[in-house]
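K.L.:
The sequence shown lines up with residues 14 to 324 when you count with this note's numbering.
No residue lacks a Cβ here, since even glycine has one placed at the ideal position from N, Cα and C.
If you scroll down you'll find the structure; I have some questions about it.
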Amino acid sequence: MRKSTSKPPGKPTLADLQAFMTVAARRSFVQAAGELGVSRSALSHAMRGLENTLSVRLLHRTTRSVSLTEAGERLLGRLRPVLSELDHALDDVARDDEALRGSLRINGSDGAIRHLLQTVVPRFLAQYPQMELDLVSEGRFVDIVAEGFDAGVRLGEAVHKDMIAVRISDDLRFLAVASPRYLRKHGRPALPGDLQAHRCIRQRLPGGRRYRWEFARHGEAVAIDPPGALTLDSNTLMVEAALDGLGIAYVPEPYARDALARKRLVAVLEDWCPAIPGLFLYFPGNRHIPAGLRALIEVVRAEREESGAAP
Numbered sequence: 014m015r016k017s018t019s020k021p022p023g024k025p026t027l028a029d030l031q032a033f034m035t036v037a038a039r040r041s042f043v044q045a046a047g048e049l050g051v052s053r054s055a056l057s058h059a060m061r062g063l064e065n066t067l068s069v070r071l072l073h074r075t076t077r078s079v080s081l082t083e084a085g086e087r088l089l090g091r092l093r094p095v096l097s098e099l100d101h102a103l104d105d106v107a108r109d110d111e112a113l114r115g116s117l118r119i120n121g122s123d124g125a126i127r128h129l130l131q132t133v134v135p136r137f138l139a140q141y142p143q144m145e146l147d148l149v150s151e152g153r154f155v156d157i158v159a160e161g162f163d164a165g166v167r168l169g170e171a172v173h174k175d176m177i178a179v180r181i182s183d184d185l186r187f188l189a190v191a192s193p194r195y196l197r198k199h200g201r202p203a204l205p206g207d208l209q210a211h212r213c214i215r216q217r218l219p220g221g222r223r224y225r226w227e228f229a230r231h232g233e234a235v236a237i238d239p240p241g242a243l244t245l246d247s248n249t250l251m252v253e254a255a256l257d258g259l260g261i262a263y264v265p266e267p268y269a270r271d272a273l274a275r276k277r278l279v280a281v282l283e284d285w286c287p288a289i290p291g292l293f294l295y296f297p298g299n300r301h302i303p304a305g306l307r308a309l310i311e312v313v314r315a316e317r318e319e320s321g322a323a324p
């Protein structure tokens, strides 16, 4: 009998498995291809090859989105701990090397990323010149694990309780601010309820709903859906609109600090604006912490200690 010359099925490459995890995290071939530095067609071809190698369909494809099949979900669940352990092994090797190498992907709000750039990033890159930082600024709150980030940076009140959080800033306040010209024309509110008679610059949150302004004093809390003809989705733009005399804006104090110091803006209702937990670097506590992230945490703590800030 003639022997078969067919080859046994091959095994997926590590690169293909990592590419699959990137597609699974991004749910988009375009975004995943951009992150991996390959063309969309090359990535799609690689995923077809992976499915053919495994003889199972892993991805549902439409013209607008990508989702996982049941088999894809199972594979993703099995790959995460395996590749995490591989990262752990590589980190152990990196720690034996004098120069730390690798990359960190961090997601945060625009203000959070700006704070990192002004405080921690210069020191970190100077200390670890062979490390790369990929900082993604966006308003929406994302699942950092599902979307492939090593860590996130957000206000403390937004960080989930199952995350490990490291403080990177002092507590901060949201302040209601307006230009002197606006206040001369429309008067100064004395109580949160007085805002109903004012022009307010409202904020649209990433999910689509408008932000309700929250005030508190002596244990009394008030939430206001302020009136106004202008709605924006950026704290920076809200400050600019307030500077132009278009109304009262309610923004994190750092965004308005320079204009307040130069008296181009005036804070109102200050006694109704208590401090809230500041910014925190956070990451899941149930998986291995990359060596680069541990190094970043050490830089954060050293930076705060040297500045005399509270831990």
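1) Decide yes or no for the touch test of the stretch 157-166 against the stretch 130-137: beta carbon pairs closer than 8 Å, at least 3 of them.
2) Relative to the alpha-carbon of residue 217, which residue among 245, 30 and 232 has its alpha-carbon at the smallest distance?
3) In whole angstroms, what separates the C-alpha of residue 228 from that of residue 312?
4) Between which residues of its own chain and residue 194 is the CB-CB distance below 8 Å, once the five residues before and five after are set aside?
5) How big is the Cα-Cα spacing for residue 208 and residue 320?
6) Secondary structure at residue 302, three-state DSSP: helix, strand or coil?
7) For residue 165, list the residues DSSP reports as bridge partners.
8) Tell me whether residue 73 sits in a helix, a strand or coil according to DSSP, three-state version.
9) Helix, strand or coil for residue 259 per DSSP?
10) Would you give the residue range spanned by the beta strand (DSSP E) that residue 207 belongs to?
11) If contacts are defined as beta-carbon pairs under 8 Å, then residue 172 and residue 120 qualify, I think. What distance do you get, rounded to the angstrom?
12) Using C-beta distances below 8 Å, list every residue in its chain close to residue 160, excluding the 5 sequence neighbours before and after it, in chain order.
13) First and last residue of the alpha helix (DSSP H) that includes residue 66?
14) Could you tell me the alpha carbon to alpha carbon distance between residue 268 and residue 73, rounded to whole angstroms?
P.N.:
Checking against the coordinates, here is how it stands:
1) Touching, no, given that fewer than three Cβ pairs across the two stretches are closer than 8 Å.
2) Among 245, 30 and 232, the Cα nearest to that of residue 217 is on 245.
3) The C-alpha of residue 312 is placed about 34 Å away from the C-alpha of residue 228.
4) Cβ within range, chain order: 258.
5) The straight-line gap from Cα to Cα measures roughly 38 Å.
6) In this structure, residue 302 counts as coil in the three-state DSSP scheme.
7) DSSP output for residue 165 lists 120 and 295 as bridge partner(s).
8) Residue 73 falls in the strand class under three-state DSSP.
9) If DSSP states are grouped into helix, strand and coil, residue 259 belongs with coil.
10) Where residue 207 is concerned, there is no enclosing beta strand (DSSP E), given that its DSSP letter is neither H nor E.
11) Actually they are not in contact, since the Cβ atoms of residue 172 and residue 120 sit about 12 Å apart, beyond 8 Å.
12) Residues 38, 39 and 120 of the same chain have their beta carbon placed closer than 8 Å to that of residue 160, with the five preceding and five following residues left out of the count.
13) Residue 66 -> alpha helix (DSSP H) spans 53-67.
14) Take the alpha-carbon of residue 268 and the one of residue 73: they are about 43 Å apart.
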